[in-house]
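For reference, the structure discussed in these notes is given below.
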Amino acid sequence: MATDAKRQKVDEGADLLHGFLQWCDTVGLHLSEKVCVSKEGTVADYGMLAKEDIEEGEVLFTIPRSALLYQRTTAVSALLEKEAGSLQSSSSWVPLLLALLHEYTSPESRWKPYLSLWPDFRKLDHPMFWSKDERDELLRGTGVPEAVDKDLSNIQREYEDVVRPFIIRHPDLWNPKTHTLELYTELVCSASGYNRVTGCKVHHRATRCYGTPFPPKERPLRMDEDEEDKPPNPPMMVPMADILNHVCNHNANLEFSADSLKMVSVRCIRAGEEVFNTYGQMANWQLLHMYGFTEPYPSNKNDTADVPAANVYKAAVQVARSDSERALMEERWETLSEMMQDGGAFIFNEHGCLTDSELHTALKVFCMSEEEFSNFKDNEGWEEDDEDEEQISQAFSNDGLPGLKPSWKRLIHEAARRTLQSYGDGEDRDRVLMKDDEALKGLNSRQQRALQVRFGQRRILCRLMELTES
Numbered sequence: 001m002a003t004d005a006k007r008q009k010v011d012e013g014a015d016l017l018h019g020f021l022q023w024c025d026t027v028g029l030h031l032s033e034k035v036c037v038s039k040e041g042t043v044a045d046y047g048m049l050a051k052e053d054i055e056e057g058e059v060l061f062t063i064p065r066s067a068l069l070y071q072r073t074t075a076v077s078a079l080l081e082k083e084a085g086s087l088q089s090s091s092s093w094v095p096l097l098l099a100l101l102h103e104y105t106s107p108e109s110r111w112k113p114y115l116s117l118w119p120d121f122r123k124l125d126h127p128m129f130w131s132k133d134e135r136d137e138l139l140r141g142t143g144v145p146e147a148v149d150k151d152l153s154n155i156q157r158e159y160e161d162v163v164r165p166f167i168i169r170h171p172d173l174w175n176p177k178t179h180t181l182e183l184y185t186e187l188v189c190s191a192s193g194y195n196r197v198t199g200c201k202v203h204h205r206a207t208r209c210y211g212t213p214f215p216p217k218e219r220p221l222r223m224d225e226d227e228e229d230k231p232p233n234p235p236m237m238v239p240m241a242d243i244l245n246h247v248c249n250h251n252a253n254l255e256f257s258a259d260s261l262k263m264v265s266v267r268c269i270r271a272g273e274e275v276f277n278t279y280g281q282m283a284n285w286q287l288l289h290m291y292g293f294t295e296p297y298p299s300n301k302n303d304t305a306d307v308p309a310a311n312v313y314k315a316a317v318q319v320a321r322s323d324s325e326r327a328l329m330e331e332r333w334e335t336l337s338e339m340m341q342d343g344g345a346f347i348f349n350e351h352g353c354l355t356d357s358e359l360h361t362a363l364k365v366f367c368m369s370e371e372e373f374s375n376f377k378d379n380e381g382w383e384e385d386d387e388d389e390e391q392i393s394q395a396f397s398n399d400g401l402p403g404l405k406p407s408w409k410r411l412i413h414e415a416a417r418r419t420l421q422s423y424g425d426g427e428d429r430d431r432v433l434m435k436d437d438e439a440l441k442g443l444n445s446r447q448q449r450a451l452q453v454r455f456g457q458r459r460i461l462c463r464l465m466e467l468t469e470s
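Structure follows, in C-alpha cells:
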C-alpha cells in the first residue's frame, strides 16, 4: 500500500510537470533542448538539469514578458489599476497578492498549470510555518525569529487593513471565506519563494522576503547612478525561472530585455549537472528567513553575522570609569541612534566588516574627546574624515582589524562576545554535530538548516574576537 501511494504521488507530480511544460509551449516560453526540468537529481523539489554539455553564454530558456504573472497581466488587472489608490501599503505587494489570490483559486486561470506545480505551499517549510517556540529555540541569536515575527505581524495588519476590506467590496471576484489570512500568508511565502523582480539586483526564485516591504538587514548594495535612477518594477512571478535553485557559486543568470527574460549560462555546465540561478549575495540567515533553505557550511561565501550597535554601546559603557562617563556614553549612543535605522547593526563576513564606514563612525564617536563630540553634534553627525573609503575598508578587513587602536579593538571584541552570548549554550554541541555526518543525518530538516545558520554566524564572530584580542 505504501508503495502504491508513493507511486501515485510521483505520477501526480509528473502529470503536473508535464502540464506545466505543455503550458510553456502555448505561451511562447522556449526551453533549450540541452536542459530539462526534474524533481530527481536536484537539491530541492523542482530543479533544472543539463542533458548535455553547455558552454558559457548559452541561452537556456527565454520567457516572453506576456507570460509573466503580475497585476498588469492578470484577469483582474483593470480593477487593480482602477483602485490602485486604495491598495497602497508598506510592502507594495498587495496588487500582486490580490492577483494571486484570484488566479490561484480560479478554475479558469490562464496560469493554472503553472500555479498547480505547488498544491501545498507549506511544503516550502518557510520559518513562518514553524511554531514560534521552534523558531526561538533553534534560531536564537541569529536574527531570524525577530524578522519572521515582524513579517507575520505586518502581513496580518496589511491583510486586515487593506486586503480584506477590498475583498469584501468585490464579492464577485474574491471571498473572505476562501481568500483567508492563512492563504494570503502562504501566498506571501510562495511569492517570495518563487518569483523575480525585474530590474532588481536581488533575484531568486524569489526577491527579498515580501519584496521591499519589511526587508531584513542585508549588506549594503553599491549601485551605479543610472541604476539608482530607474523606477522600481512591480514584483512578479516568472514561470520557469522559479524552477531553478540557488547556490552561491551559481552557473546561470537571468537577463532582461524589452520583450523577454533569458536565463543564460555564466560558465560551462557539464551534462548531468544542475543549473543554478543566483538569488543575490545572500547570507544563510537571509536564505532561511526569505526562502526556507540554507547552503551547507562552508559553501556559502556570502554568509554574514550581525553585531548589534547596541552591543558596541554596552561595551563602551562597560569601560566607563564613572557615572559622568557613563552618562556621556549614553548621550553619544542617543546621537548615533538617530543616525541609524531600527537600532542598527554592523555586518561582518569572512573577510571583515561590510558596514565599515558605519562602524568607523560609531567607534570614533564612543572614543572621541568631549570637545570632538561637541563638534560632531554641531555638524549634525557629519565631519570630514582623514581616511578615504578605501583606507577605512582596509582598516576593518581581517588584515586590518589587528592593527586598529586598542580602544577600538576592545569595543569590537566585547561587542562580538556579547553577541555570541545571545545564541545561548550549545556551541560545543554544534561543533561536534558539524563534524559528525551520521549525527547530522539524525537531525530533521529544520534542525539541520538552523544549525547551518548558527554555526556559520558563530564562526564569523569567533574569528572577529580572535582578530581583536588585545
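Residues in the sequence shown are numbered from 1 upward in steps of one, following full-length UniProt numbering. Backbone N, C-alpha and C fix where the C-beta goes; we use that ideal spot for every residue, glycine too.
(1) Between Glu372 and Glu330, what straight-line distance do the alpha-carbon atoms span, to the nearest angstrom?
(2) Can the beta-carbon of Gly344 be found closer than 7 angstroms to that of Ala309?
(3) Count the other CB atoms, across all protein chains shown, that sit within 10 Å of the CB of Thr178; report buried if there are 16 or more and exposed otherwise.
(4) Using a 10 Å radius around the Cβ and a threshold of 16 neighbouring Cβ atoms, would you call Gly456 buried or exposed?
(5) For the candidate residues Val59, Glu52, Ser116, Ala50, whose alpha-carbon lies nearest to that of Trp23?
(6) Return the residue from the list Asn175, Val453, Leu244, Met237 that minimises the CA-CA distance to Phe61.
(7) What does the alpha-carbon distance come out to for the pair Gly19 and Tyr46?
(8) Can you round the beta-carbon distance between Thr294 and Asn302 to whole angstroms, since I take them to be within the 8 angstroms contact cut?
(9) Evaluate Glu358 with the Cβ neighbour count: other Cβ atoms within 10 Å of its Cβ, from every protein chain shown; 16 or more gives buried, anything less gives exposed.
(10) Would you tell me roughly how many angstroms separate the C-alpha atoms of Ala99 and Gly28, rounded to the nearest one?
(11) Report yes or no: is there a C-beta of chain B within less than 7 angstroms of the C-beta of Ser369?
(12) How far does the beta strand (DSSP E) with Pro308 in it extend, from its first residue to its last?
(13) Would DSSP call Asn253 helix, strand or coil?
(14) For Val59, which of helix, strand or coil comes out of DSSP?
(15) So, helix, strand or coil for Ala50, using DSSP?
(16) CA-CA distance, Leu97 and Tyr184?
(17) Pairs of beta-carbons, one from the region 404-415 and one from the region 450-470, closer than 8 angstroms: are there three or more?
(18) Is His351 helix, strand or coil when you go by DSSP?
(19) Pick helix, strand or coil for Pro231, following the three-state DSSP scheme.
(20) Below 7 angstroms between beta carbons: does that hold for Ile347 and Asp306?
(21) Write down every uninterrupted run of the alpha helix (DSSP H) in the region 99-156 whose length is 4 residues or greater and which is fully enclosed by it, in chain order.
(22) Quick one: give me the first and last residue of the beta strand (DSSP E) that residue 473 is part of.
(23) If you follow the beta strand (DSSP E) that Val37 is part of, which residue opens it and which one closes it?
(24) Taking the straight line between their C-alpha atoms, what separation do you get for Ser369 and Pro145?
(25) DSSP three-state label for Ser32, please.
(26) So who's on the other strand from Ile269, going by DSSP bridges?
(27) Can you say whether Gln421 is buried or exposed, counting buried as having 16 or more other CB atoms within 10 angstroms of its CB?
(28) Out of Lys377, Gly272, His360, Ser131, state which residue places its alpha-carbon closest to the alpha-carbon of Phe396.
(29) Taking the C-alpha atoms as reference points, what is the distance between Pro298 and Asn251?
(30) Determine the direct distance from the alpha carbon of Ala315 to that of Leu354, and round the result to whole angstroms.
(31) For the beta strand (DSSP E) that contains Asn277, what are its first and last residues?
(32) Return the Cβ separation of Ala450 and Leu138 in integer angstroms, given the expectation that the two are a contact with Cβ distance under 8 angstroms.
(33) Judging by CA-CA distance, which residue of Met339, Ser190, Thr105 is the nearest neighbour of His126?
(34) Roughly how many angstroms lie between the CA atoms of Leu16 and Gly424, to the nearest whole one?
(35) Hey, would you say Lys39 sits closer than 7 angstroms to Glu52, going by beta carbons?
(36) Measuring straight from C-alpha to C-alpha, what distance separates Leu287 and Ser407?
This is what the structure holds:
(1) Position 372 of the sequence shown, counted from the first residue, corresponds to residue 372. Position 330 of the sequence shown, counted from the first residue, corresponds to residue 330. Those two C-alpha atoms are separated by around 16 angstroms.
(2) For the purposes of this step, residue 344 is taken as the residue at position 344 of the sequence shown. For the purposes of this step, residue 309 is taken as the residue at position 309 of the sequence shown. Yes, they are a contact pair.
(3) Your numbering for residue 178 matches position 178 in the sequence shown. In the assembly as shown, Thr178 is an exposed residue. Its beta-carbon has fewer than 16 other beta-carbons within 10 Å.
(4) Working through the sequence shown from its first residue, we reach residue 456 at position 456. When all chains shown are included, Gly456 counts as buried.
(5) For the purposes of this step, residue 23 is taken as residue 23 along the sequence shown, with counting starting at 1. If we check each option's Cα against that of Trp23, Ser116 comes out closest.
(6) Residue 61 sits at position 61 when you count from the first residue of the sequence shown. Cα-wise, what sits closest to Phe61 is Leu244.
(7) As a first step, residue 19 must be located in the sequence shown, where it is residue number 19. As a first step, residue 46 must be located in the sequence shown, where it is residue number 46. Near 14 angstroms, if we compare the C-alpha coordinates of Tyr46 and Gly19.
(8) Here residue 294 corresponds to residue number 294 of the sequence shown, with the count starting at 1. Here residue 302 corresponds to residue number 302 of the sequence shown, with the count starting at 1. About 12 angstroms; that fails the 8 angstroms criterion.
(9) The residue you call residue 358 lines up with position 358 of the sequence shown. The residue in question, Glu358, is buried, as its Cβ has 16 or more Cβ neighbours within 10 Å.
(10) Within the sequence shown, residue 99 is the residue found at index 99, counting from 1. Within the sequence shown, residue 28 is the residue found at index 28, counting from 1. For Ala99 and Gly28, the distance between alpha carbons rounds to 22 angstroms.
(11) The structure shown contains no chain B; it holds only a single protein chain.
(12) Looking up residue 308 in the sequence shown gives position 308. 305-308 is the span of the beta strand (DSSP E), which, as asked, contains Pro308.
(13) Along the sequence shown, one-based indexing puts residue 253 at 253. Correct three-state label for Asn253: strand.
(14) The sequence position of residue 59 within the sequence shown is 59, counting from 1. Of the three classes helix, strand and coil, the one that applies to Val59 here is strand, per DSSP.
(15) The residue you call residue 50 lines up with position 50 of the sequence shown. Correct three-state label for Ala50: strand.
(16) Here residue 97 refers to the residue found at position 97 when the sequence shown is read from its first residue. Here residue 184 refers to the residue found at position 184 when the sequence shown is read from its first residue. Each residue's alpha carbon lies about 7 angstroms from the other.
(17) yes
(18) Taking the first residue of the sequence shown as 1, we reach residue 351 at position 351. Residue state, collapsed to three classes: coil.
(19) Here residue 231 refers to the residue found at position 231 of the sequence shown. Note that Pro231 has pLDDT 43, beneath the 50 cutoff, so the model's placement of it is unreliable and no number is given.
(20) Locating residue 347 in the sequence shown gives position 347, where the first residue counts as 1. Locating residue 306 in the sequence shown gives position 306, where the first residue counts as 1. Contact: yes.
(21) Listed in chain order, the complete alpha helix (DSSP H) runs (minimum 4 residues) inside the region 99-156 are 112-115, 132-138.
(22) Residue 473 is absent from the structure shown; the chain starts at 1 and stops at 470.
(23) As a position in the sequence shown, residue 37 is number 37, starting the count at 1. Its beta strand (DSSP E) spans residues 35-38.
(24) For the purposes of this step, residue 369 is taken as the residue at position 369 of the sequence shown. For the purposes of this step, residue 145 is taken as the residue at position 145 of the sequence shown. Taking the straight line from one Cα to the other gives about 39 angstroms.
(25) As a position in the sequence shown, residue 32 is number 32, starting the count at 1. Correct three-state label for Ser32: coil.
(26) In the sequence shown, residue 269 corresponds to position 269, counting from 1. Paired residues: Ile54.
(27) Numbered from 1 along the sequence shown, position 421 holds the residue referred to as residue 421. By the neighbour-count rule (16 or more Cβ atoms within 10 Å), Gln421 is not buried but exposed.
(28) Position 396 of the sequence shown, counting from 1, holds the residue named residue 396. If we check each option's Cα against that of Phe396, His360 comes out closest.
(29) Numbered from its first residue, the sequence shown carries residue 298 at position 298. Numbered from its first residue, the sequence shown carries residue 251 at position 251. Taking the straight line joining both Cα atoms gives about 18 angstroms.
(30) Within the sequence shown, the letter at position 354 stands for residue 354. Within the sequence shown, the letter at position 315 stands for residue 315. Whole-angstrom Cα-Cα distance: 20 angstroms.
(31) The residue you call residue 277 lines up with position 277 of the sequence shown. Asn277 -> beta strand (DSSP E) spans 274-277.
(32) Working through the sequence shown from its first residue, we reach residue 450 at position 450. Working through the sequence shown from its first residue, we reach residue 138 at position 138. With 8 angstroms as the limit, Ala450 and Leu138 qualify as a contact, their Cβ atoms being about 4 angstroms apart.
(33) Start at 1 with the first residue of the sequence shown, and residue 126 comes out as number 126. For His126, the nearest C-alpha among the options comes from Ser190.
(34) As a first step, residue 16 is located in the sequence shown; it is residue number 16 there, counting from the start. As a first step, residue 424 is located in the sequence shown; it is residue number 424 there, counting from the start. So the two alpha carbons sit approximately 45 angstroms from each other.
(35) Position 39 of the sequence shown, counting from 1, holds the residue named residue 39. Position 52 of the sequence shown, counting from 1, holds the residue named residue 52. Not closer than 7 angstroms, so no.
(36) Mapped onto the sequence shown, residue 287 falls at position 287. Mapped onto the sequence shown, residue 407 falls at position 407. Taking the straight line joining both Cα atoms gives about 35 angstroms.
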